[in-house]
Structure formats: C-alpha cells, structure tokens
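There are 2 protein chains.
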Amino acid sequence: MKDLRICFIGDSFVQGVGDPEYLGWVGRVLQRTPGEVTAFNLGIRRETSEDVLRRCRREVLPRTKPDADNRLVVSFGSNDMVEEDGALRVDPARCLENLAAVLEESRSQEISALVVGPPPVVDAGAGHLRRTRELADEMAGLCLRREVPFVAVTDELAHDSTWTTEAMANDGAHPRAGGYRRMADLVLGGPWLEWLALP
Amino acid sequence: MKDLRICFIGDSFVQGVGDPEYLGWVGRVLQRTPGEVTAFNLGIRRETSEDVLRRCRREVLPRTKPDADNRLVVSFGSNDMVEEDGALRVDPARCLENLAAVLEESRSQEISALVVGPPPVVDAGAGHLRRTRELADEMAGLCLRREVPFVAVTDELAHDSTWTTEAMANDGAHPRAGGYRRMADLVLGGPWLEWLALP
C-alpha cells in the first residue's frame with residue numbers, strides 16, 4: 002500500500018473553526034477517502050496568503066518523506082479580501098503571486114498540489130463576497146495554466162442555506178458541522194479522487 | 002467567552018494515525034471538552050522527543066495569540082524507546098532533558114502545559130514496554146516537580162484489550178477508533194478539565 006501523506010495548509014476554514022465535531026471539511030474529506038491517509042492539518046485562523054507562504058516550506062517539508070506520495074492542499078484568500086483600516090489586508094494581485102509562489106515551491110519539491118478556493122465570509126458584506134468571488138476566478142485561471150486542480154467553493158457556499166444559516170448563528174463567518182459537510186461534498190465532488198489517483 | 006487555544010505536539014499517537022474517523026484521542030478529547038477550542042494538531046509520526054523539541058517553539062508560537070489563553074499538550078517517548086541498530090533511538094535521560102526543555106520554553110512563553118505519557122507499542126515486545134513504562138514514571142516525577150499535570154496511559158493501554166486487539170489487527174502499533182476512544186477516556190478522566198479551568 003502506498004504511503005500517502007497530505008498536508009492541508011491555510012486559514013480557519015482549513016482548521017475547521019466552529020465545528021463542534023472537530024473535523025471541519027478536511028476531516029470529513031479524509032473520512033470519505035478510500036485507503037489510509039497520513040494527514041496534517043496546518044490551518045491557522047486569521048492567516049492570509051502572506052502568512053501561509055511564509056511558513057509553508059518550513060512546516061510542510063518536515064511532514065514529507067522521501068519515499069512517500071507527498072501531497073499539498075492549499076486554501077486561503079478569504080482573509081486577504083477583508084478590509085482593515087480602509088485597505089485590503091492583502092491585494093488580490095499579491096494574493097495570486099503568493100499562490101503562484103506556494104505552487105512553485107511545491108512543484109520544485111515534487112509535492113503534487115491541489116487548491117481549494119476561498120469560502121465566503123457571510124457577515125462581511127456584498128463587497129467582500131464580490132472581491133472573494135473575483136479572486137477565486139483568478140485563482141482558478143492560475144491553477145488551470147499550471148495544471149493544478151482547483152475546487153470552486155465561494156459562490157456555491159454563499160448560496161448554500163446550511164452554510165449561511167450556520168455561519169450567521171455562529172460568529173458570522175464559520176459554520177458548524179453541516180456547513181463543513183457541504184464544503185467536503187464540494188471537494189469530494191470535484192477532482193479529489195482523480196487527483197489522488199495520479200501517480 | 003475566553004479565547005482558548007491548544008497546541009497538541011508529539012508523535013503518531015497525537016496525530017491519530019490508524020483512526021479511520023480521523024479524530025484520534027485529540028479530536029475525541031476536544032469533542033467532549035465544554036466550550037469552543039481553537040485546536041492545532043502538531044503530531045508527526047516517527048518523531049522522537051529530539052524532533053519535537055527542535056520544532057516546538059517554531060510551530061507553537063505562530064499559533065498563539067498575545068491576548069488568548071494559550072495552552073500546550075505534549076506527548077512523546079514511545080519512539081525514543083525503540084531500538085534501531087542495537088541502540089535506543091533516544092536515551093531515557095536525554096528524553097527527560099528534552100521534556101524539561103519543552104516545559105521550560107513553554108513556561109517562559111507563559112503557555113500552560115500538560116503532558117500525556119507515551120502509549121505502548123504493542124508489537125515492540127516486552128523490553129520496549131518495560132522501558133516505556135519506566136520512562137513514563139520518570140516523566141510523571143519530572144512533571145510533579147514542575148507542577149505540570151501528567152496523564153499516565155502506558156500501563157493502562159498495554160492492559161486494555163481494545164487497544165491491543167486493534168493495534169495488532171492494524172500495524173502493530175496504532176489502534177483504530179476504539180483504542181483512541183480509550184485513550185481519550187484516560188485524558189478526560191485525568192486532570193484535563195481541572196487544568197483547563199486554571200486561570
């Protein structure tokens with residue numbers, strides 16, 4: 002049996018903040034992935050693409066093994082698109098550069114990557130949703146050019162009543178178990194298994 | 002509500018390797034802890050106390066927040082006590098020094114710590130169990146002197162038929178969901194809630 006190791010790096014949604022079952026979408030995707038996976042959840046709440054890029058190499062490499070099938074799942078952007086003191090935390094162009102840098106680094110280490118788009122932050126307003134949606138589209142294009150699979154979730158979750166209801170009843174951003182289940186469905190319904198089957 | 006952040010650092014047992022539900026003892030303890038916890042699982046399989054000490058500061062600090070209630074749960078030792086090429090991977094005295102160093106570092110950063118003893122490695126033989134048990138006793142003494150809560154699990158799990166049966170049916174070391182549930186019971190039945198209630 003092949004030694005499959007997947008690092009999931011990103012923000013609070015990767016971490017699964019708000020889920021009383023402490024699985025998040027990551028745990029739910031793993032539960033429904035055939036075979037055994039050695040998984041590492043490297044989500045940190047509040048982090049932008051800048052923060053993730055800064056620690057990516059340092060934290061992912063000690064979790065790989067030379068003879069294993071090493072993989073990386075990346076998901077960020079929702080925090081980048083938040084306005085603080087009248088400016089975006091991270092500019093979209095910069096966020097895309099950061100994504101490109103993470104993917105480049107991953108490729109140079111022969112770690113196959115997959116990108117999950119940024120979930121919506123329900124109480125952040127229409128401007129935030131528009132920016133996040135545009136960012137997600139740009140991310141999809143970047144991934145396509147690099148032949149890296151991309152899972153779109155922004156609009157899908159913004160229109161999902163389980164996600165939005167749970168988020169609003171919680172802290173305005175993070176759903177409970179049901180919302181994360183929907184997000185896991187999107188990942189599993191996308192290129193997930195096909196990507197894992199690639200040599 | 003206080004912002005409780007707990008980093009769990011250690012080896013494959015912390016990571017929950019072998020659990021098809023991808024919760025391990027860490028996820029099960031969190032599910033049964035009242036209130037919301039921002040949790041970070043920093044377990045890495047095969048790691049000894051040396052490996053954990055090396056990355057502890059670097060990985061824990063970015064996951065703390067100045068105004069939050071930051072905590073650290075440490076668990077290692079089973080891999081230290083494994084013989085490779087006729088020698089222990091890490092000497093018991095050195096393992097204890099490493100534990101002391103992790104606890105000292107944690108204290109200097111005002112991060113309250115709790116230690117969970119090393120689980121048995123079922124197929125590693127009687128010598129490994131004896132060494133791990135002795136190491137666990139020394140760890141308990143070290144924690145007592147430093148007023149750090151310690152949860153003993155070595156003997157308890159070595160005599161638990163769920164743990165041993167699942168481990169032997171799996172890879173000889175890691176249980177499935179049932180064994181991790183037993184380990185979570187030991188943690189929850191120990192000083193866990195009392196420790197979390199401390200200011």
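Chains A and B are the protein sequences, given in the same order.
So the first sequence is numbered by the numbering used here: it starts at 2 and just counts up by one.
So the second sequence is numbered by the numbering used here: it starts at 2 and just counts up by one.
Beta carbons: idealized from backbone N, C-alpha and C, even for Gly.
Predicted model only: the values in this text are computed from it and were never measured.
A distance below 8 Å between beta-carbons, with the five flanking residues on each side excluded, links residue 66 of chain A to the following residues of its chain, in chain order: 4, 6. Chain B has a Cβ within less than 8 Å of the Cβ of residue 32 of chain A. In the three-state scheme derived from DSSP, where H, G and I count as helix and E and B as strand, residue 71 of chain B is classed as strand.
Under the criterion of beta carbons closer than 8 Å, residue 158 of chain B and residue 200 of chain B do not qualify as touching, at roughly 32 Å.
Annotated as distal: residue 55 of chain A and residue 182 of chain A, with beta-carbon spacing of 8 Å or more.
Below 8 Å, too few C-beta pairs join the stretch 12 to 25 of chain A and the stretch 82 to 101 of chain A to call them touching: fewer than three. Taking C-beta separations shorter than 7 Å and ignoring five residues to either side along the sequence, the partners of residue 80 of chain A in its chain run 12, 47, 48, 49, 90, following chain order. Going by DSSP, residue 162 of chain B is part of the alpha helix (DSSP H) stretching over 162 to 170. A distance below 8 Å separates the beta carbons of residue 74 of chain B and residue 9 of chain B.
The shortest C-alpha to C-alpha distance from residue 155 of chain A to any of A/51, A/131, A/108 is the one to A/131. Around the beta-carbon of residue 195 of chain A, fewer than 16 other beta-carbon atoms lie within 10 Å, marking it exposed. Put simply, of B/109, B/113, B/124 the residue whose alpha carbon is nearest the alpha carbon of residue 71 of chain B is B/113. Listed along chain B are 60, each with a C-beta nearer than 7 Å to that of residue 60 of chain A. By the Cβ test, the stretch 126 to 144 of chain B is in contact with the stretch 96 to 107 of chain B, since at least three Cβ pairs between them sit closer than 8 Å. Legend: CB atoms of the stretch 98 to 117 of chain B lying less than 9 Å from CB atoms of chain A are not found in any residue. At a C-beta separation below 9 Å, residue 177 of chain A has no neighbours in chain B, since its nearest C-beta there lies roughly 11 Å away. Per DSSP, the continuous alpha helix (DSSP H) segment holding residue 127 of chain A begins and ends at 126 to 146. Straight across, the Cα-Cα distance linking residue 180 of chain A with residue 82 of chain B is about 43 Å. DSSP places residue 80 of chain A in the coil class of the three-state scheme, outside both helix and strand. The C-beta of residue 199 of chain B comes no closer than 8 Å to any C-beta of chain A.
Put simply, the backbone Cα of residue 33 of chain A is about 22 Å away from that of residue 45 of chain B. For residue 34 of chain B, there is no enclosing alpha helix (DSSP H), since its DSSP letter is neither H nor E. At the C-beta level, residue 185 of chain B and residue 176 of chain B stay beyond 8 Å of one another. Taking the beta carbon of residue 56 of chain B as reference, the chain A residues within 7 Å of it are 63, listed in sequence order. Under the DSSP assignment, residue 153 of chain A falls outside any beta strand (DSSP E); it carries neither an H nor an E label. DSSP places residue 5 of chain A inside the beta strand (DSSP E), whose first and last residues are 5 to 11.
Look at residue 85 of chain A here: in three-state DSSP terms it is strand.
The Cβ neighbour count for residue 148 of chain A, taken over all protein chains shown within 10 Å, is under 16; the residue is labelled exposed.
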